[in-house]
């Protein structure tokens, strides 16, 4: 008798109860985001693309302004050196 009680205690963690009634499966409406999720995802993607385009445009504008400043400074320096040599 004690050995049968010990054996049942050893097997106790491995006993898996079966649910009643048996589950039928996964309902697609519970695991899919649906049209609301699709719309939200599309909105986030479009917003990210627009932000990236705007950021690239702003960076390009800053870079061109700096190049223009450097060109103007170089022209002023060259013009100043040419005038001082002509005097």
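In the numbering used here, the protein residues as written are 1 to 87.
Positions of the beta carbon are idealized from the N, C-alpha and C atoms, including for glycine.
In this text, all values refer to a predicted model and were calculated from it rather than measured experimentally.
Residue i (DSSP reduced to helix, strand or coil)
| i | result |
| --- | --- |
| residue 28 | helix |
| residue 18 | coil |
Same chain only: Cβ atoms within 6 Å of residue i, ignoring 5 sequence neighbours per side
| i | result |
| --- | --- |
| residue 43 | none |
Same chain, Cβ closer than 7 Å to residue i, neighbours up to 5 away in sequence not counted
| i | result |
| --- | --- |
| residue 20 | none |
Close beta carbons around residue i, own chain, < 8 Å, minus the five adjacent residues each side
| i | result |
| --- | --- |
| residue 76 | none |
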